[in-house]
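Here's the structure we're looking at; comments come further down.
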Amino acid sequence: MTPSAPSERPPDERQREERPDRVLPPVVDQDAADVERVWTEPRGFFGWFTHVNHKSIGRRYIITAFVFFGLAGILAALMRLQLSRADNSFLGPDLYNQIFTMHGTTMMFLFAVPVMEAIGIYVVPLMVGARNIAFPRLNAFSYWMYLFGGIFLFTMFLLNTGPDVGWFAYVPLAGPQYTPGKRADVWAQLITFTEVAALAVSVEIIVTVFKMRTPGMSLNRVPIFVWAQVVTAFMVIFAMPSIMIASTCLILDRLVGTHFYNQAEGGDPLLWQHLFWFFGHPEVYIIFIPATGMVSTIVTTFSKRHMFGYLAVALSLVTTAFMGFGLWVHHMFATGLPQLGANFFTGASIIIAIPTGIQIFCWIATMWGGRVWVRAPMLWALGFFGVFIIGGLTGVFLAAVPLDWQLHDTFFVVAHFHYVLIGGAVFPLFGAIYYWYPKITGRLMSERLASVHFWLFFIGFNMTFFPMHKLGLDGMPRRVYTYPPETGWSTLNMVASTGALLMFVAVAIFVYNAIASLSAGEEAGDNPWDAGTLEWATSSPPPNCNFLYPPTVAGREPLWDNPPDQPVVVGLRTDVRDVLVTHVLDATPDHRVEFPEPSVWPFLTALATTGLFIGSIFTPWGVVYGAIPLFLTLAGWFWPKRLGETGTQTWPIVARTLPKAGEAPGEAA
Amino acid sequence: MTRRSAPALDVSHLAPGAFGHRSLLWWGTMGMILIEGTAFGLMIAAYFYLRLRNDTWPPNVPPPDLKWGTLNLIVLLVSAVPNELAKKAAERIDLGAVRLWLVVCLVFGVGFNVIRAFEFSTLNCLWSTNAYGSVVWMLLGLHTVHIATDVLDTGVLTALIFTGPIEEKRFVDVSENAMYWYFVVLTWIPIYAVIYIAPRLT
Numbered sequence: 023m024t025p026s027a028p029s030e031r032p033p034d035e036r037q038r039e040e041r042p043d044r045v046l047p048p049v050v051d052q053d054a055a056d057v058e059r060v061w062t063e064p065r066g067f068f069g070w071f072t073h074v075n076h077k078s079i080g081r082r083y084i085i086t087a088f089v090f091f092g093l094a095g096i097l098a099a100l101m102r103l104q105l106s107r108a109d110n111s112f113l114g115p116d117l118y119n120q121i122f123t124m125h126g127t128t129m130m131f132l133f134a135v136p137v138m139e140a141i142g143i144y145v146v147p148l149m150v151g152a153r154n155i156a157f158p159r160l161n162a163f164s165y166w167m168y169l170f171g172g173i174f175l176f177t178m179f180l181l182n183t184g185p186d187v188g189w190f191a192y193v194p195l196a197g198p199q200y201t202p203g204k205r206a207d208v209w210a211q212l213i214t215f216t217e218v219a220a221l222a223v224s225v226e227i228i229v230t231v232f233k234m235r236t237p238g239m240s241l242n243r244v245p246i247f248v249w250a251q252v253v254t255a256f257m258v259i260f261a262m263p264s265i266m267i268a269s270t271c272l273i274l275d276r277l278v279g280t281h282f283y284n285q286a287e288g289g290d291p292l293l294w295q296h297l298f299w300f301f302g303h304p305e306v307y308i309i310f311i312p313a314t315g316m317v318s319t320i321v322t323t324f325s326k327r328h329m330f331g332y333l334a335v336a337l338s339l340v341t342t343a344f345m346g347f348g349l350w351v352h353h354m355f356a357t358g359l360p361q362l363g364a365n366f367f368t369g370a371s372i373i374i375a376i377p378t379g380i381q382i383f384c385w386i387a388t389m390w391g392g393r394v395w396v397r398a399p400m401l402w403a404l405g406f407f408g409v410f411i412i413g414g415l416t417g418v419f420l421a422a423v424p425l426d427w428q429l430h431d432t433f434f435v436v437a438h439f440h441y442v443l444i445g446g447a448v449f450p451l452f453g454a455i456y457y458w459y460p461k462i463t464g465r466l467m468s469e470r471l472a473s474v475h476f477w478l479f480f481i482g483f484n485m486t487f488f489p490m491h492k493l494g495l496d497g498m499p500r501r502v503y504t505y506p507p508e509t510g511w512s513t514l515n516m517v518a519s520t521g522a523l524l525m526f527v528a529v530a531i532f533v534y535n536a537i538a539s540l541s542a543g544e545e546a547g548d549n550p551w552d553a554g555t556l557e558w559a560t561s562s563p564p565p566n567c568n569f570l571y572p573p574t575v576a577g578r579e580p581l582w583d584n585p586p587d588q589p590v591v592v593g594l595r596t597d598v599r600d601v602l603v604t605h606v607l608d609a610t611p612d613h614r615v616e617f618p619e620p621s622v623w624p625f626l627t628a629l630a631t632t633g634l635f636i637g638s639i640f641t642p643w644g645v646v647y648g649a650i651p652l653f654l655t656l657a658g659w660f661w662p663k664r665l666g667e668t669g670t671q672t673w674p675i676v677a678r679t680l681p682k683a684g685e686a687p688g689e690a691a
Numbered sequence: 002m003t004r005r006s007a008p009a010l011d012v013s014h015l016a017p018g019a020f021g022h023r024s025l026l027w028w029g030t031m032g033m034i035l036i037e038g039t040a041f042g043l044m045i046a047a048y049f050y051l052r053l054r055n056d057t058w059p060p061n062v063p064p065p066d067l068k069w070g071t072l073n074l075i076v077l078l079v080s081a082v083p084n085e086l087a088k089k090a091a092e093r094i095d096l097g098a099v100r101l102w103l104v105v106c107l108v109f110g111v112g113f114n115v116i117r118a119f120e121f122s123t124l125n126c127l128w129s130t131n132a133y134g135s136v137v138w139m140l141l142g143l144h145t146v147h148i149a150t151d152v153l154d155t156g157v158l159t160a161l162i163f164t165g166p167i168e169e170k171r172f173v174d175v176s177e178n179a180m181y182w183y184f185v186v187l188t189w190i191p192i193y194a195v196i197y198i199a200p201r202l203t
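Going down the list, the sequences are from chains A and B. Just so you know, the working numbering puts 515 at position 493 of the first sequence, and the rest follows in order with no gaps. Just so you know, the working numbering puts 191 at position 190 of the second sequence, and the rest follows in order with no gaps.
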């Protein structure tokens, strides 16, 4: 586990992998044809619903997430229009409430978390040299749940039943007494959709990274981006159940008369806040940690140098994840908690700046010793440093109870979390899109438009959110639809709204660039950035099987560190979707496993689940009736499609091929 | 992609699957267990949080009757035996024994779901009585969802193992199904303690 630093040594001194000296059989072209045929996904309209390839699902996930980003951005623009001057009557209070709730809910649950996982779905299997993500059908199911949840939310919004209780849906406001009707139920059920999707992806990512890394990729050679994705996946696993419990209790309070949050019957509204923020604070890191992984990747590639302090950065990610679960009460300082508790959470909130600081210094050190090449991805990484550090600093302010009491529920908090979330996640994300776009599409995006996008967005972002610090200090409250002119807030609000317009134009340019470059972009080739990780070891876009012969690795940046005669993996079957499984720690080969074919069942199961979720809003019997199609579709999913045609041998089994439990690894009987 | 001259790491001799923690399925099941275990843990935390907020516990209702819950504890713990035998049979690739023990498991599964219905009827409160009633019903309901889905899941697997044709890798499924069964059994111990013992401790 002790990581050496292979990069700093000349190639001839590198520790060579022990490798067999056999040479590839002369059947490469035949192999290529067979393997591609086996891994190809069905075409046509109906085929589209059966895809299970991580690249196909990943692309859909990314595009869908950006559509929701656009929709939530339009909602934000409407809010800025309303707030641009005092006593404005463009939006009424009821619609304004729906819009800010929809904006926050969409950005958090339908954009920020899914888009980070989406990039993981596409990139992680490639980065670890795998042919697909683990549990590919679950991956497809996850996408459909996410999509249906989003469609459900926006349909209800268009029917004037959009949630209007804030993205955090505090009780008692969100409870049955103060929000009759279906609006809060829609919010609670949307949460269930997105959490199911996110939890499924987390399990896939963990299993892919633990068990499907290509030989040679021991844990101390796992790319930082992959570390970030795994750490995030674990955070999702421990955080998301909390919001599922919370929102289920909320919907039960609203629909069947339970009293979890009802003070009059022994419940407690603060239970909601505890459960919500036990999820909600880790959520911030669930969004931020993958983004730091993107920054590490981009900084490494564009500094042409191995990451400085690899071990420190990996441990910082893990530390941040652990500490992220010990901060939630700092969202609740204004609820009158005991002083001692508040002190503890203030301390924890300030301490978490340390692992983030370590990462920032490691990035600076990496750039310091390297030759920095500024292209679009690096521009966004550099922008991230400036913007995120401001957001981090105001975060340290807000961790102090007296300041928090003063600034709670003001625009200062809005400024803070937009600096953290846009600066900390959207800036790296744009960088990541410019970085991996050529891998996904085979073409580069226009650098000129990318610069325009960056500078417009950077200026617009600071114009929008920097004045909000001052507005908050002046006492302008959040979540109010207008303000009287005598407050003197009009000028800064106008500046903020103008900035929002610039951001809007910037994103429009980005979208144009992404669409136009599909056909007009420069051909990228396999590795346009001369990067070191495995996704660049295959063609752009990658073939259906990712790698005809999965590469093995001899360093953290295999394309920089591998000696020219580094072996590739051969001997996987070419007639079924055969995948190599390796050991958790050192990624030595263990066994092979056959991956599932395309299937429509994940789609049907997601439809059935959607029926159950939506039905349950209208009647508790929806759960009972909805369970029947759900069971049938799940049974259909697990029932083997082509019994005995492929895979392991069928009964009667003459000679056992599966090793006995506990038998030496890698040996067939 | 076609690197004819590269040396090769041949993996064709490797087994087409494996049992236990070497298999992907084991890790996937563990992921599910982590998620659901966290949910159970948080629900138990919510129970004690609400208990702190109430002067008397249980408020104005008698604690649940011990009889059915305790019986179910015994039945669930005993069901670990056929479950282990099914797992061992699967790892031996012994079709006859797998069929036998899966059916025994199913009988146990149906049994503890039936007893669960009696448990609900002797909780001595409704979910709408007060916050105590809500959290007790939620805890028991959450566990019931797990034993019900596990029985349905085992039912599908049993049907598959009888109708065939049977692939060798199906035995890995049986083995991993047993892991999940253990999870459902083991989580009942703390939940039983919370629902039935905690209200009796003052």
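Glycine is no exception: its CB is placed at the ideal position from the N, C-alpha and C atoms. The structure displayed is predicted, hence computed values, not measured ones.
So that I know if they touch, is there some Cβ in chain B lying closer than 7 Å to that of residue i?
i, result
"phenylalanine 215/A", "no"
"serine 264/A", "yes"
"alanine 542/A", "no"
"isoleucine 675/A", "yes"
Is residue i close to chain A, meaning its C-beta is less than 7 Å from at least one C-beta of that chain?
i, result
"arginine 5/B", "Since pLDDT at arginine 5/B reaches only 49, below the 50 mark, its modelled position is unreliable, and no value is offered."
"isoleucine 45/B", "no"
"threonine 39/B", "yes"
"glycine 97/B", "no"
"proline 83/B", "no"
"alanine 9/B", "yes"
I'd like the span of the alpha helix (DSSP H) that includes residue i, first residue to last.
i, result
"threonine 39/B", "25 to 53"
"valine 645/A", "643 to 660"
"glutamine 361/A", "361 to 373"
"glutamine 737/A", "Summary: the structure shown does not reach residue 737/A, with chain A confined to residues 23 through 691, and so no result is reported for it."
"methionine 525/A", "512 to 542"
"aspartate 66/B", "That residue, aspartate 66/B, is in no alpha helix (DSSP H); it is neither H nor E in DSSP."
"aspartate 154/B", "132 to 164"
"methionine 2/A", "Any property of residue 2/A remains undetermined from this structure, which presents chain A solely from 23 to 691."
"phenylalanine 109/B", "96 to 122"
How would you write the range of the beta strand (DSSP E) that residue i sits in, first residue to last?
i, result
"histidine 613/A", "611 to 616"
"threonine 604/A", "600 to 604"
"aspartate 186/A", "Per DSSP, aspartate 186/A belongs to no beta strand (DSSP E) and is neither H nor E."
"valine 208/A", "It is not in any beta strand (DSSP E) - valine 208/A instead sits in the alpha helix (DSSP H) that spans 205 to 233."
"leucine 10/B", "9 to 11"
"valine 590/A", "590 to 592"
Who are the neighbours of residue i on chain B, taking C-beta pairs under 9 Å?
i, result
"threonine 679/A", "Ala16, Pro17, Gly18, Glu169"
"methionine 167/A", "Residues of chain B passing the Cβ test: none, with the nearest at roughly 15 Å."
For a contact meaning CB atoms closer than 9 Å, what does residue i contact in chain A?
i, result
"arginine 23/B", "Lys233, Val603, His605, Asp612, His613, Pro681, Ala683, Pro687"
"threonine 188/B", "Simply none; closest approach about 13 Å."
Give me the chain B residues within the contact set of residue i, using Cβ-Cβ distance strictly less than 8 Å, ordered along the chain.
i, result
"phenylalanine 157/A", "Leu25, Gly29"
"isoleucine 228/A", "Trp28, Gly32"
"phenylalanine 260/A", "Leu35, Thr39"
Cβ closer than 7 Å: which chain A residues qualify as neighbours of residue i?
i, result
"asparagine 55/B", "Gly288"
"leucine 1/B", "Because chain B here runs from 2 to 203, residue 1/B falls outside it and cannot be looked at."
List, in chain order, every chain B residue whose beta-carbon is nearer than 7 Å to that of residue i.
i, result
"phenylalanine 660/A", "Val157"
"leucine 221/A", "Ile36"
query: Going along the stretch 293 to 304 of chain A in order, which residues come within less than 9 Å of chain B, judged by CB to CB distance?
result: Leu293, His296, Leu297, Phe300
- request: Mind checking the stretch 508 to 540 of chain A against chain B and listing, in chain order, the residues whose C-beta falls within less than 8 Å of any C-beta there?
  value: none
- request: Enumerate, from N- to C-terminal direction, the unbroken alpha helix (DSSP H) stretches of 4 or more residues contained entirely within the stretch 261 to 334 of chain A.
  value: 291 to 325
message: For the stretch 574 to 594 of chain A, list every residue whose C-beta sits within 8 Å of some C-beta in chain B, in sequence order.
response: Thr574, Asp587, Gln588, Pro589, Val590, Val591, Val592, Gly593, Leu594
query: Of all the residues that make up the stretch 120 to 135 of chain B, which are near chain A by a beta-carbon distance shorter than 7 Å?
result: Trp128, Ser129, Asn131, Ala132, Tyr133, Ser135
- request: Would you mind listing the alpha helix (DSSP H) stretches within the stretch 390 to 452 of chain A that are 4+ residues and don't spill past its ends, in chain order?
  value: 398 to 420, 423 to 429, 433 to 440
query: Listed from N- to C-terminal order along the chain, which residues in the stretch 340 to 372 of chain A have their beta-carbon within a distance smaller than 8 Å of any beta-carbon of chain B?
result: none
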